[in-house]
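Reviewing the structure listed below.
Protein chains: 2
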Amino acid sequence: MCSNGDTLTSWQTLATAKREAILGSIPEEWRLAKIPTVEEQRNVTGAYIRQFLSAKEVEITETDAMGIVEKTTSGAWRAVEVIQAFCHRASLSHQLVNCLHETFFDAALADAKELDAYFADHGEPKGPLHGLPVSLKDQFHIKGVETTMGYVGWIGTFQGQKGDSRSMTFESEMVRELRQLGAVLYCKTAVPHTLMCGETVNNIIEYTWNPHNRNLSCGGSSGGEGALIALGGSPGGFGTDIGGSIRIPAAFNGLFGLRPTSGRLPYGGVANSMDGQNSVLSVVGPLASSAGGVKLLTKSILSAEPWLHDPLVTEIPWRRDLEAQTKDLIASSQLSVGFLDHDGAVAPHPPVKRALGLLRDLIVQSGNKVFEWQPPPHLLQRVNELTYKTWLYDGGADVRKDFALSGEPWAVQILDIWQERPQADALSIAENNRALRQCRKEYLDYWNSTAASSGTAERHRPADVFVAPCAPFAAARPGRYDYIGYTSVVNGLDLPSVVVPITKVDRTDDVVDTSYQPVSELDKKIQSDYDPEIYDGAPVSLQIIGRRHQEEKLLAIAEWLEGELKKGSLAT
Amino acid sequence: MCSNGDTLTSWQTLATAKREAILGSIPEEWRLAKIPTVEEQRNVTGAYIRQFLSAKEVEITETDAMGIVEKTTSGAWRAVEVIQAFCHRASLSHQLVNCLHETFFDAALADAKELDAYFADHGEPKGPLHGLPVSLKDQFHIKGVETTMGYVGWIGTFQGQKGDSRSMTFESEMVRELRQLGAVLYCKTAVPHTLMCGETVNNIIEYTWNPHNRNLSCGGSSGGEGALIALGGSPGGFGTDIGGSIRIPAAFNGLFGLRPTSGRLPYGGVANSMDGQNSVLSVVGPLASSAGGVKLLTKSILSAEPWLHDPLVTEIPWRRDLEAQTKDLIASSQLSVGFLDHDGAVAPHPPVKRALGLLRDLIVQSGNKVFEWQPPPHLLQRVNELTYKTWLYDGGADVRKDFALSGEPWAVQILDIWQERPQADALSIAENNRALRQCRKEYLDYWNSTAASSGTAERHRPADVFVAPCAPFAAARPGRYDYIGYTSVVNGLDLPSVVVPITKVDRTDDVVDTSYQPVSELDKKIQSDYDPEIYDGAPVSLQIIGRRHQEEKLLAIAEWLEGELKKGSLAT
């Protein structure tokens with residue numbers, strides 16, 4: 001065993017080597033001479049990053065996933081030129097905000113060449129994602145590529161196990177499906193160590209910044225995905241979500257993101273924290289620059305019939321009828337949308353409050369229905385308490401084991417949660433499961449009761465969906481993510497939720513609300529974190545939450561809103 | 001507090017009073033003067049019980065659920081005459097084999113009158129189950145009716161809680177749905193205390209016998225359901241299954257029974273043992289005298305959209321397309337059926353072996369495909385080991401608490417399982433969950449691999465379903481249910497399974513196989529339990545197991561086989 005001093009040296013050496021290897025994997029010609037300070041360049045998206053790209057590269061990388069597959073499946077664009085453009089832009093993105101854990105551009109190029117050859121031979125695409133670059137959170141296993149999940153102790157291992165034969169050979173179920181569908185994999189994106197964090201920080205890549213506003217976090221735990229897609233380094237990818245880890249980065253980076261119902265998409269063979277805790281399950285889901293991109297990724301994975309290969313996936317294919325019914329509801333002004341403006345625990349900051357108003361106005365102007373979403377008092381807090389208990393069942397043993405592998409220190413954002421505590425026993429786990437089920441039942445009863453207030457013409461039809469903030473803030477300031485209740489409650493209830501970007505923080509519109517009376521010390525603290533100068537330019541997004549398994553309805557609504565928001569130029 | 005002596009007196013007094021109250025609830029004119037001994041009358045079904053009924057009562061009670069709703073939804077039969085006939089026959093059944101925990105004939109009659117009035121007023125039925133008597137296992141809560149689940153300590157309480165306001169007022173979710181669909185509830189059926197038993201025995205009704213052969217058990221834990229339906233005292237009802245508790249009584253009593261995938265049918269508000277253990281979930285499902293009856297009950301519950309009211313139910317309505325596709329497969333001789341003749345641990349007795357041969361011949365003769373089902377060695381045993389661990393997570397604390405309420409003794413069948421042991425902790429539960437998921441994955445991989453051997457014309461199509469024994473024996477001899485691996489493995493894998501009755505034990509056809517070499521001491525013990533004289537006349541059934549959520553496929557196959565078996569007079 002190493003002495004403490006040696007251990008420290010060891011983890012630092014390993015982490016530095018890995019960090020340099022990631023940077024080193026970027027071709028020389030794509031290296032940036034200088035990374036601007038935040039004062040010099042707060043927002044590195046759009047015009048800033050575009051300066052390092054050719055016009056063709058800009059065209060390709062600023063086409064959304066739907067647009068790309070239109071070109072690649074028709075032969076208008078070759079898979080090779082598309083992946084090259086994204087490899088370049090992903091390389092720039094990483095240098096600007098530290099969003100990648102792994103690159104494997106050579107393998108990607110080889111795969112793209114095969115796809116082009118396939119198209120040339122067959123005169124048709126390999127699948128619905130033919131030639132589409134797809135980025136993956138660094139929990140997915142890909143042949144020839146390491147998975148560290150942000151742990152220094154996982155470097156050179158398979159999930160911390162040295163000499164495991166699966167190392168560099170095993171592939172996650174969804175990776176197999178993405179290949180079969182014609183997607184091109186080329187990079188894996190940064191996560192916070194433990195995954196249990198709304199920011200992205202670890203001892204390898206250190207801190208991933210929000211590319212729209214580098215004062216702020218890119219969110220977490222799928223933070224690398226969020227930052228990369230926001231910079232145009234990927235048209236879409238997959239993250240995971242047990243407390244908000246898809247929705248938070250989608251929201252903070254101004255993207256669309258879907259947390260599906262558990263069992264809708266395949267988690268099989270994906271590394272995880274506290275794997276085997278099955279009271280509140282982490283789920284896999286897509287993030288993309290457009291609602292259509294999120295839908296394309298979701299539909300395509302379902303078309304691969306993942307239930308035939310992952311025993312936890314439910315046999316529900318993409319339901320066109322539910323999608324069509326939702327469009328009809330919208331067209332006939334019968335969509336009913338509840339609004340949860342404040343969860344009773346922490347108020348949203350002024351920009352988030354403004355976004356709620358913008359979305360409400362948009363829906364009202366369309367002739368569809370809005371009303372106040374008012375589940376029973378304390379039910380949301382109760383769900384969150386029970387949800388957090390599930391994450392602490394093992395008393396932190398699993399993550400402590402992974403930190404101990406290298407002796408690396410914990411990020412301050414993590415440390416607070418994982419104070420050593422005793423494991424839960426079977427009786428207390430069963431009690432928590434019963435209590436959570438009871439809360440879900442009460443929530444369902446509330447949902448059904450909205451038939452009285454939903455404003456739909458057909459009487460007795462409850463709300464279709466409800467809208468809520470993703471977080472109290474547009475994005476978290478580093479080290480200040482003090483409340484995740486707006487996202488985690490959705491995990492506790494196991495409801496699907498789609499994030500829709502609404503607007504951006506405007507220092508002149510979004511002034512501090514000095515009249516607001518905080519409901520608690522926590523609320524007061526979080527309100528005090530809002531500063532229009534610091535926040536200016538950050539994306540502001542909301543989540544739309546549906547009944548279990550109704551992902552089709554959510555995505556139809558997200559596509560509609562995307563179109564309406566573009567028309568109204570609300571999303572600037 | 002009572003002294004030990006007082007406690008003993010107390011439980012006996014309570015149990016005797018409850019037992020007498022059940023008998024006492026049967027109208028005088030329906031009492032039997034004498035219950036024959038098993039030597040006098042082994043089989044009390046069919047001709048024996050018919051002697052106590054009018055011709056009209058026989059006609060009604062020997063019509064299956066599909067036939068009954070044809071009559072009641074068209075107005076040919078009144079709900080009142082139907083429920084009266086079943087109340088009579090259920091009363092006779094209970095006296096013959098101890099199959100009831102509760103009767104509420106007056107409430108049933110009042111409900112039936114309301115249904116008749118509804119039909120008279122509206123000229124149409126209330127729902128698809130209009131006027132259909134439905135029996136329920138004594139885990140379901142019904143307004144005005146007690147739920148003891150076989151525990152003396154639950155008498156006069158709500159699930160053991162004295163003074164709970166839900167006592168005699170609360171209704172389970174499925175009960176609400178059954179009423180809404182037009183079903184008439186009239187009795188609750190016997191269970192073994194703890195529910196964790198393949199026989200039905202408790203200190204209230206004592207022992208429930210197999211009505212086809214009163215040397216044998218009716219099975220468990222939905223044993224009262226099985227015995228009652230076999231005697232024609234109910235056309236169909238609902239049980240629950242965590243290790244075989246629907247399939248075992250269906251099999252032992254010569255009935256059809258469905259264990260659905262978890263989350264397909266609503267368990268909400270149903271009493272249970274070890275509630276909150278969520279690694280291997282107990283599921284609700286129907287038993288009936290016909291495959292059509294099982295299908296009717298399943299389809300009808302799904303038509304009530306239980307996912308809107310029970311948060312654990314998956315939104316999958318009855319899929320006519322899957323049912324139709326299955327019929328097409330059968331008609332075009334492309335159905336592929338694996339046969340698991342021996343699970344490697346315990347061999348089936350000669351009658352079960354004969355049933356496997358009969359079913360295989362039938363499928364071959366139809367032109368459809370059969371092949372050997374050979375999952376990886378030891379996988380089945382591994383699944384069972386992991387499944388049994390989930391039942392013991394709490395070290396027996398939950399059931400010990402319920403026994404302690406009254407001080408009643410444990411049935412010998414239960415005692416063996418529930419030796420006091422420590423609770424599992426969160427890490428060992430998570431480990432078990434991961435191991436079980438891995439087994440499910442390996443099983444799925446095996447299933448997919450059968451494309452090579454399934455014999456289907458379209459290459460690469462794996463088996464549709466596989467057939468397996470429900471138990472090594474046609475039915476258990478009292479106190480000798482020493483192996484439940486054939487059913488529990490299906491719970492561990494969370495696959496749907498339908499039981500189909502195939503034949504009956506014939507003392508001349510089903511001789512002891514003296515050449516069989518047991519594979520273990522347990523196998524030897526179980527083989528030695530077979531005695532053609534004792535077993536003669538017992539029903540012999542098999543289960544057909546499908547992929548998750550494919551209940552429609554299973555029921556289409558069960559209906560087809562039912563018709564074929566009738567044609568061939570295999571089911572005598």
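Protein sequences, first through last, are from chains A and B. With full-length UniProt numbering applied, the first sequence corresponds to residues 1 to 572, in that order. With full-length UniProt numbering applied, the second sequence corresponds to residues 1 to 572, in that order. Using N, Cα and C, we set each Cβ at its ideal position, and we do this for glycine too.
Range covered by the alpha helix (DSSP H) that runs through residue i
i, result
"residue 573 (chain A)", "No answer is possible for residue 573 (chain A): the residues shown for chain A start at 1 and end at 572."
"L297 (chain A)", "291 to 303"
"T487 (chain A)", "485 to 493"
"S282 (chain B)", "Note, S282 (chain B): premise wrong, no alpha helix (DSSP H); not H, not E."
Chain B within 8 Å of residue i, Cβ atoms only
i, result
"E146 (chain A)", "no"
"residue 631 (chain A)", "Summary: the structure shown does not reach residue 631 (chain A), with chain A confined to residues 1 through 572, and so no result is reported for it."
"I557 (chain A)", "no"
"H309 (chain A)", "yes"
"L312 (chain A)", "yes"
"A474 (chain A)", "no"
"K389 (chain A)", "no"
"N384 (chain A)", "no"
"residue 576 (chain A)", "For chain A, the structure presents residues 1 to 572; residue 576 (chain A) sits outside this window and is missing."
"E57 (chain A)", "no"
"L554 (chain A)", "no"
"K34 (chain A)", "no"
"L195 (chain A)", "no"
"L542 (chain A)", "no"
Spatially closest choice to residue i from the options, by CA coordinates
i, options, result
"Q41 (chain B)", "B:P348, B:N215, B:Q12", "B:N215"
"V465 (chain B)", "B:P409, B:A556, B:P472", "B:A556"
"T72 (chain B)", "B:K299, B:A120, B:D106", "B:A120"
"V175 (chain B)", "B:K34, B:T208, B:A271", "B:A271"
"Y193 (chain A)", "A:R320, A:P409, A:G254", "Here residue 193 (chain A) turns out to be His, not Tyr, going by the sequence shown. Answer by Cα proximity: A:P409."
"C99 (chain A)", "A:E59, A:R89, A:T326", "A:R89"
"N384 (chain A)", "A:Y443, A:E124, A:L427, A:P518", "A:Y443"
"D529 (chain B)", "B:Y483, B:D494, B:V489", "B:Y483"
"I248 (chain B)", "B:P501, B:T514, B:L522, B:G568", "B:P501"
"D445 (chain A)", "B:D445, B:F252, B:P311", "B:P311"
"residue 577 (chain B)", "B:D536, B:E323, B:A468", "What the structure shows of chain B is the stretch from 1 to 572, and residue 577 (chain B) is not part of that stretch, so it cannot be assessed."
"V280 (chain A)", "A:E59, A:L436, A:R548, A:E57", "A:L436"
"F252 (chain A)", "A:G224, A:T240, A:P260", "A:G224"
Endpoints, beta strand (DSSP E) assigned at residue i
i, result
"R259 (chain A)", "256 to 259"
"T503 (chain A)", "497 to 504"
"K188 (chain B)", "184 to 189"
"D241 (chain A)", "236 to 241"
Interface flag, residue i vs chain A, CB-CB below 8 Å
i, result
"Y446 (chain B)", "no"
"E315 (chain B)", "yes"
"E408 (chain B)", "no"
"D402 (chain B)", "no"
Coarse secondary structure for residue i, derived from DSSP in three states
i, result
"A424 (chain A)", "coil"
"I330 (chain A)", "helix"
"A556 (chain A)", "helix"
"W209 (chain A)", "strand"
"G276 (chain B)", "coil"
"G568 (chain B)", "helix"
"V145 (chain B)", "coil"
Check whether the segment 389 to 405 of chain B touches the segment 363 to 380 of chain B, counting contact only when three or more Cβ pairs, one atom from each stretch, lie closer than 8 Å.
no
Touching or not, the segment 52 to 69 of chain B and the segment 163 to 170 of chain B, by the rule of three or more beta carbon pairs under 8 Å?
no
On the three-pair Cβ rule with 8 Å, is the segment 199 to 212 of chain A touching the segment 103 to 119 of chain A?
no
If you pair each beta-carbon of the segment 320 to 331 of chain A with each one of the segment 543 to 558 of chain B, do three or more pairs fall below 8 Å?
no
Using 8 Å as the Cβ pair cut-off and three pairs as the minimum, do the segment 217 to 232 of chain A and the segment 473 to 488 of chain A touch?
yes
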